[in-house]
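Written out below as structure tokens is the structure these notes cover.
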Amino acid sequence: MKEIYTLADLENWGEESTESGLPIRLGVLGEPIEHSLSPQMQNAALESCGLQMRLARFAIGPRDLGQALKLFARHHFVGLSLTVPDKIAVLNFLDEVDENAWAIGAVNAVRFQGGRLYGYNTDGAGISDAIRSGVLGDASLSRWPVLLLGAGGASRAIARQCALEGCPKLFLSNRTRERAEKLAAEISKVNEATTVTVVDQEPGALRQALTGARLVINATNVGLRPDDQSLISRDSLTRDHFVYDTIYNPARTALLAEAEAAGAVFANGLTMLLYQGARAFELWFDRKAPIDAMRAALDVT
Ligand code: NAP
């Protein structure tokens with residue numbers, strides 16, 4: 190099995206099999222894709238359930254997505270996971286998109302069934318499951334005021350999840366303020382009981398918002414690069430804050446270092462990856478995901 194397959198590989202697809210002799214029937218798509226942990230997580234799940242197939246990485250961007258989806262269907266694939274930059278582009282090629290994914294405007298899981306392509310978004314439920322699993326103590330999307338950094342695809346899923354769960358107060362802060370304002374207007378319609386406030390992404394405004402928020406979620410790209418500076422400094426955080434960074438590579442972002450210095454409870458995005466993947470597995474196979482096997486494969490403690 191190759192580390193990464195391409196569109197050219199799909200065009201010349203035989204009965205590609207893995208070291209174990211099992212056929213590849215699932216894929217994770219994106220560009221870049223080499224760092225994806227989906228193969229180790231999903232292949233552990235498939236093995237644990239005795240499912241006779243495996244998942245592989247595919248370096249496919251939006252330009253080749255339409256052609257690739259036709260080939261996946263022709264080669265009897267069961268499902269796909271999608272990551273940056275394919276989550277929005279894929280909407281153009283699906284037969285059905287579930288209501289939640291449609292409202293978010295992004296799809297991260299596809300199922301092939303009866304010659305049709307179905308799209309879903311499991312990111313919001315993934316972070317919700319992660320938080321309910323206790324990774325951040327007794328933190329709660331439904332009971333606690335939340336400060337959410339970002340207004341991209343992941344933030345849209347998380348903001349919607351907060352509103353669906355009845356989050357009392359949601360502070361939204363994005364580098365491009367207009368995107369946060371657009372998202373705030375949409376989220377206010379999901380649940381009128383959730384008060385949504387847009388906050389400038391600058392230290393003073395964030396510090397002020399943090400006096401009202403208890404749970405902080407970073408869903409921006411800030412922290413992916415080792416030299417990134419945290420958007421929030423330790424002086425704005427207290428021991429009463431709970432900080433979740435959706436980034437898991439690096440495991441300790443600049444924001445989490447600030448949270449630790451302030452004595453706050455903190456966690457990285459590995460548990461969100463785990464639970465969004467478990468939800469995708471359940472959509473592909475209509476059965477419960479073997480969460481312990483997946484957790485062990487990712488080394489989530
Ligand atoms: P996206 O749609 O491209 O959104 C990127 C977001 O980051 C936007 O809000 C953007 O602000 C902001 N941003 C980018 N560079 C910035 C900078 N230098 N300063 C301030 N803000 C900046 O990407 P996405 O799919 O939402 O992903 C966002 C993050 O979530 C990534 O770090 C990704 O790793 C993480 N994620 C984790 C999981 C998981 O399972 N753990 C799942 C999905 C995503 P503008 O609007 O101003 O451009």
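Numbering-wise (the working numbering), the sequence shown opens with residue 190 and increments by one. No residue lacks a Cβ here, since even glycine has one placed at the ideal position from N, Cα and C.
Q. What residue ranges within the stretch 350 to 408 form continuous alpha helix (DSSP H) runs of no fewer than 4 residues, ordered along the chain?
A. 366 to 379, 392 to 399
Q: Under 7 Å Cβ to Cβ from G216, same chain only, skipping five residues before and after it: list those, please.
A: L244, A245, F247, F261, F266, L269
Q. Taking 6 Å as the cut-off, does the CB of D434 come closer than this to any heavy atom belonging to ligand 1?
A. no
Q. Opposite A348 in the DSSP bridges: which residues?
A. Assignment of beta-bridge partners to A348 by DSSP yields no partner.
Q: State buried or exposed for N281, treating a residue as buried only when at least 16 other CB atoms are found within 10 Å of its CB.
A: exposed
Q: Could you name the residues that DSSP lists as bridge partners for D312?
A: Its beta-bridge partners do not exist; DSSP assigns none.
(Q) Quick check: the Cα distance between S425 and R396, rounded to an integer number of angstroms? (A) 5 Å
Q: Give a yes or no on whether the C-beta atoms belonging to A295 and I320 are separated by under 7 Å.
A: Their beta carbons are not under 7 Å apart, which means A295 does not touch I320 by this criterion.
Q. Helix or strand or just coil, what does DSSP make of F431?
A. strand
Q. Three or more beta-carbon pairs under 8 Å between the stretch 302 to 309 and the stretch 330 to 337, yes or no?
A. no
Q) What residues match up with R491 in a beta bridge as DSSP calls it? A) Residue 491 is absent from the structure shown; the chain starts at 190 and stops at 490.
Q.
With a threshold of 8 Å, are at least 3 pairs of Cβ atoms found where one atom belongs to the stretch 440 to 459 and the other to the stretch 412 to 421?
A. yes
Q. Near Y307, which residues of its chain fall below 6 Å by C-beta distance, leaving aside the five closest residues on each side in sequence?
A. E285, R300
Q.
Report the CB separation of T383 from G355 in whole angstroms; it is logged as a contact under 8 Å.
A. 7 Å
Q | Three-state class that DSSP yields for G268 in the structure shown | A | strand
Q: Go ahead and pull the three-state DSSP assignment for E285.
A: Reduced to three states, the DSSP call for E285 is strand.
Q: Reducing DSSP to helix, strand and coil, say where V335 ends up.
A: strand
Q.
For I213 and F470, I'd like the C-alpha separation in whole angstroms.
A. 15 Å
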